[in-house]
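Visitor: Position one of the sequence shown corresponds to residue 189 (my numbering), numbered consecutively onward. The beta carbon of each residue, even a glycine, is placed where N, CA and C say it ideally should be. Small disclaimer: the values here were computed from a predicted structure and weren't measured.
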Amino acid sequence: KLVGFEMIERGIPRQHYTIADASGNKVGEVTSGTMSPMLKKGIGMGYVKTELSAPGTEIFIIIREKPVKAVVVKPPFYKPQ
């Protein structure tokens with residue numbers, strides 16, 4: 189299922205990066221990602237297994253062979269006040 193996510197730890201997700209669960213198992217792939225100047229953190233979208241698609245679910249993006257913590261969010265990423 190296609191989901192949006194925000195990086196909790198420092199890192200910029202990029203297309204084709206692996207998405208993993210807490211055990212390190214591959215559960216999906218990043219389709220797009222960038223650094224958000226407005227949110228001051230990395231954001232992205234990717235496909236994950238349905239059971240990990242609920243907002244608030246912790247996932248890990250594999251950046252340079254290291255798992256970096258992220259959380260599934262419901263788009264839009266930025267909500268003006």
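Would you decide whether Y266 is buried or exposed? Buried here means 16 or more other CB atoms lie within 10 Å of its CB.
Guide: exposed
Visitor: So, for V256: in the same chain, excluding its five sequence neighbours on each side, which residues have a beta-carbon less than 7 Å away from its beta-carbon?
Guide: M195, E197, G199, F248, I249
Visitor: What did DSSP end up calling L227 once you bin it into helix, strand or coil?
Guide: coil
Visitor: I'd like to know whether the C-beta atoms of R202 and G221 end up nearer to each other than 7 Å.
Guide: The Cβ atoms of R202 and G221 lie closer than 7 Å to each other.
Visitor: Would you say G234 and E217 are within 7 Å of each other, going by their C-beta atoms?
Guide: yes
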